[in-house]
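What follows is one structure encoded as structure tokens, with my remarks underneath.
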Amino acid sequence: AQTVTQSQPEMSVQEAETVTLSCTYDTSESDYYLFWYKQPPSRQMILVIRQEAYKQQNATENRFSVNFQKAAKSFSLKISDSQLGDAAMYFCAYRSAGGGADGLTFGKGTHLIIQP
Amino acid sequence: DAGITQSPRHKVTETGTPVTLRCHQTENHRYMYWYRQDPGHGLRLIHYSYGVKDTDKGEVSDGYSVSRSKTEDFLLTLESATSSQTSVYFCASASHPNQPQHFGDGTRLSIL
Numbered sequence: 001a002q003t004v005t006q007s008q009p010e011m012s013v014q015e016a017e018t019v020t021l022s023c024t025y026d027t028s029e030s031d032y033y034l035f036w037y038k039q040p041p042s043r044q045m046i047l048v049i050r051q052e053a054y055k056q057q058n059a060t061e062n063r064f065s066v067n068f069q070k071a072a073k074s075f076s077l078k079i080s081d082s083q084l085g086d087a088a089m090y091f092c093a094y095r096s097a098g099g100g101a102d103g104l105t106f107g108k109g110t111h112l113i114i115q116p
Numbered sequence: 001d002a003g004i005t006q007s008p009r010h011k012v013t014e015t016g017t018p019v020t021l022r023c024h025q026t027e028n029h030r031y032m033y034w035y036r037q038d039p040g041h042g043l044r045l046i047h048y049s050y051g052v053k054d055t056d057k058g059e060v061s062d063g064y065s066v067s068r069s070k071t072e073d074f075l076l077t078l079e080s081a082t083s084s085q086t087s088v089y090f091c092a093s094a095s096h097p098n099q100p101q102h103f104g105d106g107t108r109l110s111i112l
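Going down the list, the protein sequences come from chains A and B.
Per the working numbering, residue 1 is the first one in the first sequence, and the count goes up by one each step.
Per the working numbering, residue 1 is the first one in the second sequence, and the count goes up by one each step.
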């Protein structure tokens, strides 16, 4: 079974600074998808970014970008110019691209604190 | 975003009672999912559905059943609730398993 590990239970960053959240995963598959979801105190789960493993280029979405290292099975999220609204739990998630309809495998999350 | 709603938003009940949580989506998504979120565990998959009347078990399915009689509705039932099932439950839907899942706002369930 695949596992997703987020080794930082909590991170803190000054407003306007850059922060990187770590995620590693374990899989024997070669084709898969990786996601970062944000969960603010409102409890909503909001998609931040999606990466397809067969694509070499790192995904970017405005101030959010990933560093995808397939050989190292690493998928970190970089948040540039941190804003107070970025404060949330961040979850890394994995899904095999193989056949089947099962869901995502999530990490345990990183709590991001933004210091004003 | 997908229109996906969960009901109720909060529920308190007693051990041994049956509980049904409802998920309703208006995006005509074929795939739907139920997860539970507990401190220190992230989200874990309970059951999923790949079409009307087509469901399968996830990682933590013991004590739960599901039904999908219409594309838009996916029900999660706890036949006899236990305190270990106190959790926040999330429903999600997707147009394809490899596409991002869109989540409901969650149901906080407390079993006393």
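Even for Gly, the Cβ is constructed at its ideal location relative to N, Cα and C.
Can you tell me whether DSSP reads residue i as helix, strand or coil?
i, result
"ASP54 (chain B)", "strand"
"ASP105 (chain B)", "coil"
"SER7 (chain A)", "coil"
"LEU84 (chain A)", "helix"
"SER83 (chain B)", "helix"
"GLU15 (chain A)", "coil"
"ARG44 (chain B)", "strand"
"GLU52 (chain A)", "strand"
"ASN28 (chain B)", "coil"
"ARG9 (chain B)", "coil"
"ARG43 (chain A)", "coil"
"HIS96 (chain B)", "coil"
"GLN57 (chain A)", "coil"
Considering only C-alpha positions, which residue in the set the options is nearest to residue i?
i, options, result
"GLY106 (chain B)", "B:ARG22, B:THR13 and B:GLU14", "B:ARG22"
"SER80 (chain A)", "A:GLN14, A:LYS108, A:ALA72 and A:GLU10", "A:GLN14"
"THR24 (chain A)", "A:GLY100, A:THR18 and A:ALA72", "A:ALA72"
"ALA94 (chain B)", "B:VAL66, B:SER69 and B:ASN28", "B:ASN28"
"TYR33 (chain A)", "A:ALA87, A:HIS111 and A:PHE106", "A:PHE106"
"VAL52 (chain B)", "B:GLY40, B:VAL66 and B:VAL60", "B:VAL66"
"TYR50 (chain B)", "B:TRP34, B:GLN6, B:ASP62 and B:SER7", "B:TRP34"
"GLN2 (chain A)", "A:ASP31, A:GLU17 and A:GLU10", "A:ASP31"
Rounded to whole angstroms, what's the CA-CA distance from residue i to residue j? Just pull it up for me.
i, j, result
"LEU84 (chain A)", "ILE4 (chain B)", "27 Å"
"GLY104 (chain B)", "HIS10 (chain B)", "13 Å"
"GLN25 (chain B)", "GLN57 (chain A)", "33 Å"
"PRO97 (chain B)", "SER80 (chain B)", "31 Å"
"TYR37 (chain A)", "GLU29 (chain A)", "22 Å"
"ALA92 (chain B)", "ASP73 (chain B)", "11 Å"
"ILE46 (chain A)", "LEU112 (chain B)", "30 Å"
"THR17 (chain B)", "VAL88 (chain B)", "18 Å"
"GLN51 (chain A)", "THR13 (chain B)", "40 Å"
"GLN115 (chain A)", "MET89 (chain A)", "15 Å"
"THR27 (chain A)", "PHE68 (chain A)", "14 Å"
"SER74 (chain A)", "LYS70 (chain B)", "39 Å"
"THR20 (chain A)", "LYS78 (chain A)", "4 Å"
"GLN6 (chain A)", "ASP38 (chain B)", "16 Å"
"VAL4 (chain A)", "PHE90 (chain B)", "19 Å"
"THR18 (chain A)", "SER42 (chain A)", "24 Å"
Can you round the beta-carbon distance between residue i and residue j to whole angstroms, since I take them to be within the 8 Å contact cut?
i, j, result
"SER76 (chain A)", "VAL66 (chain A)", "7 Å"
"THR20 (chain B)", "LEU75 (chain B)", "6 Å"
"GLY42 (chain B)", "PHE64 (chain A)", "With 8 Å as the limit, GLY42 (chain B) and PHE64 (chain A) do not qualify as a contact, their Cβ atoms being about 19 Å apart."
"THR55 (chain B)", "ARG44 (chain B)", "That belief does not hold up - the Cβ atoms of THR55 (chain B) and ARG44 (chain B) are roughly 17 Å apart, past 8 Å."
"HIS47 (chain B)", "TYR64 (chain B)", "6 Å"
"ALA53 (chain A)", "LYS70 (chain A)", "6 Å"
"GLN8 (chain A)", "SER22 (chain A)", "6 Å"
"GLY109 (chain A)", "GLY58 (chain B)", "Incorrect: roughly 18 Å between the Cβ atoms, too far for contact."
"THR77 (chain B)", "LEU109 (chain B)", "Not quite, the Cβ-Cβ distance comes to about 12 Å (not below 8 Å), so this is no contact."
Given that residue i touches chain C, what residues does it touch there, using C-beta distances under 7 Å?
i, result
"ALA101 (chain A)", "Among the protein chains in the structure shown, which are A and B, there is no chain C."
Taking a cut of 9 Å between CB atoms, which residues from the segment 51-79 of chain A lie near chain B? Against chain B - using a Cβ distance shorter than 9 Å - the residues of the segment 51-79 of chain A are GLU52.
Quick one, which residues of the segment 15-32 of chain B are near chain A if we go by CB-CB under 9 Å, in chain order? Those would be ARG30 and TYR31, in chain order.
Pull out every residue of the segment 36-52 of chain A whose Cβ sits closer than 7 Å to any Cβ of chain B, in chain order. Those residues of the segment 36-52 of chain A that come within reach of chain B (Cβ to Cβ, closer than 7 Å) are ARG43, GLN44, MET45, LEU47 and ARG50.
Name, going along the chain, the residues of the segment 34-46 of chain B whose beta-carbon falls closer than 8 Å to a beta-carbon of chain A. Those would be TYR35, GLY40, HIS41, GLY42, LEU43, ARG44 and LEU45, in chain order.
Which residues, in chain order, does the segment 82-97 of chain A contribute to contact with chain B at a C-beta distance below 7 Å? Under the 7 Å Cβ criterion, the segment 82-97 of chain A contributes PHE91, ARG95 and ALA97.
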